[in-house]
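Heads up: the sequence shown is residues 1 to 333, going by the numbering used here.
A virtual CB, placed ideally from N, CA and C, is assigned to each residue, including glycine.
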Amino acid sequence: MHAFLRDPQKKRPPSSSWSTLLNDDIKASRTLQDLSGLLRDRHRDMDPVHLSDMAGRLVRAIQQPGQAEGRAATASLRESLRLLSVASARASAGAMRPRQSSTLVWALGRIADSMRPAPQSHPTTTALDEDVWGEQPTELVAALSEAEAASRRLLQRVCEMLTMASSRDVAQALYGAALISRAAARPAPVPAALLEALRRLLPACGPQDLSMSTYALALLEAGPLPPALLADLLEATRLAMPRCSCQALANVAWGLAAMERQRRERRRRGDNHAEDEGVEESVSPSLLWLRAFCDSSLSCMAMFNDHELSIVIWALAEMRLRPGPEWMSRLEV
C-alpha cells in the first residue's frame with residue numbers, strides 16, 4: 001500500500017493520481033483480509049467506481065476456499081458488510097450509474113448470504129418457512145440493518161435511472177435485494193418500476209439474468225406477479241433453455257416452483273391480491289416449456305451436482321410436471 005494511503009496525514013497527490021493509486025491498491029488486494037483492511041482504512045475516500053470494484057473483489061475473495069472460514073474471517077466479513085453499506089449509502093446520493101448501484105446491491109447480498117449458518121445456493125422447501133439463522137449476534141444484526149438501508153437507497157437509485165439500466169443491472173439489483181431480505185429475515189418490497197423494467201428488458205436477458213431474476217422474485221415473494229410479466233418470463237426462460245448452465249436451469253426451476261407454491265399457499269389462505277383481475281393464474285409452465293427444459297437438462301444431466309439435481313426434481317414435482325420416459329430413465333442411471 002502506498003505510504004500516504006497508510007498515513008492520512010501525509011500529503012496527497014493530485015486527485016487524478018490519488019484515484020489511480022487507490023485503484024492500484026484495490027487491484028493488488030487479493031485476500032479477504034487485505035480487502036477488508038483497505039476498506040476499513042479508505043472507505044471514506046472511495047467513489048462509486050472504487051466501491052463497485054471493491055465489492056466485486058470481496059465477493060470473489062469469499063468464494064475462494066478457506067477465505068470465509070474462522071472467527072477472524074467472520075469478523076472481517078461483518079465489518080466489510082457494514083462499511084460497504086455505509087459507503088454505498090453515502091455514494092448513492094451522488095453520481096452513481098445503474099451498473100455501480102446494482103453491483104453494490106448484488107455484493108451486499110452475496111456477503112450477507114455468505115454469513116448464513118448454512119449457506120445454500122438453492123434454498124430447500126423448508127428454507128421458505130423456517131428461520132435457519134437462530135439467534136443472531138448483535139454486531140451482525142446491526143450490519144444487516146445497515147445493509148438493508150443501503151440496499152433500499154441503491155434500489156431507488158437504480159429506479160431513478162432505469163432508462164439507462166440494462167437487463168444485468170435489473171437482475172443484479174433484484175438478486176442482491178433478495179439475498180439481503182433472506183439474510184435479515186424480513187420481507188423487502190419490490191419497486192413496481194423495477195418489475196416493469198424487467199418485463200421490458202426480458203428479450204435482452206441472457207441465461208444468467210433470467211436465472212437471477214426468477215430466483216430473486218421467488219425469494220422476495222414478489223407475487224402475485226402481473227400476468228403479463230409472468231407470461232413473458234416463462235417464454236423468455238423457455239427460449240433461453242439451450243444456453244443455460246446446470247445452475248441456471250436449477251435456479252429457474254426452483255424460482256418458478258417456489259412461486260407456484262406461494263400461489264397455492266395464498267389461495268389456501270384466501271389471500272388473493274389479484275381479485276380485480278380474477279383468479280390468480282398458475283405459475284406452472286406449459287408442456288412446451290417442459291419439453292424445452294427436459295431437452296436442455298438432458299444434454300447436461302451428467303454435469304448436474306447432487307444439490308442441483310435434487311432441486312430440479314423437487315421443482316418439477318412442486319409444479320406437478322412429469323418429464324418423459326427418456327428423462328426419467330437418465331435420472332435412474
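Look at PHE304 here: in three-state DSSP terms it is coil, with no helix or strand label. If you draw a 10 Å sphere on the C-beta of ASN251, you find 16 or more other C-beta atoms in it, and that means buried.
A distance below 6 Å between beta-carbons, with the five flanking residues on each side excluded, links MET164 to the following residues of its chain, in chain order: PRO98. The beta carbon of MET115 sits closer than 6 Å to those of LEU77, all from its chain and outside the five residues before and after it, given in chain order. Distance check between THR74 and each of ALA95, GLU139, LEU22 places GLU139 closest, using alpha-carbon atoms only. With a cutoff of 9 Å on beta-carbon distance, HIS43 and LEU84 are scored as near each other. Three or more beta-carbon pairs drawn from the segment 51 to 67 and the segment 23 to 38 are found closer than 8 Å, and the two stretches are therefore classed as touching. The continuous alpha helix (DSSP H) containing MET54 extends over residues 48 to 63. Straight through space, the alpha carbons of LEU309 and GLU160 are spaced by roughly 39 Å.
Close CB contacts of ALA257 within its chain, under the 6 Å cut and outside five residues either way in sequence, are with ALA315, GLU318, MET319 (chain order). If you check the CB distance, ARG263 and SER282 come in under 9 Å. SER88 and ARG40 have their C-alpha atoms roughly 14 Å apart. An exposed status is given to MET328, since fewer than 16 other beta-carbon atoms sit within 10 Å of its beta-carbon. Residue environment for VAL158: buried (at least 16 other C-beta atoms within 10 angstroms of its C-beta). Closest in alpha carbon position to GLY176, among MET303, ALA55, VAL86, is ALA55. For GLN172, the enclosing alpha helix (DSSP H) covers residues 167 to 184.
With distances taken between CA atoms, GLY324 lies nearest to LEU298 out of ASP306, MET303, LEU298. In the structure shown, VAL190 falls within a coil segment according to DSSP collapsed to helix, strand and coil. The Cβ atoms of LEU108 and SER151 lie closer than 9 Å to each other.
Setting aside the 5 residues that flank it on each side, SER167 is surrounded in the same chain by LEU201, ALA204, CYS205, ASP209, each with a C-beta closer than 6 Å to its C-beta; the list follows chain order.
For THR237, the enclosing alpha helix (DSSP H) stretches over residues 227 to 240. With contacts defined by Cβ atoms closer than 9 Å, PRO285 and ALA240 do not form a contacting pair. Pairing PRO191 with ALA149, the inter-Cα distance amounts to about 15 Å. Exclusion of the five residues before and after ALA193 leaves CYS159, LEU162 as the residues of its chain whose Cβ lies within less than 8 Å of its Cβ. A straight line joining the alpha-carbon of HIS50 with that of LYS27 spans about 10 Å.
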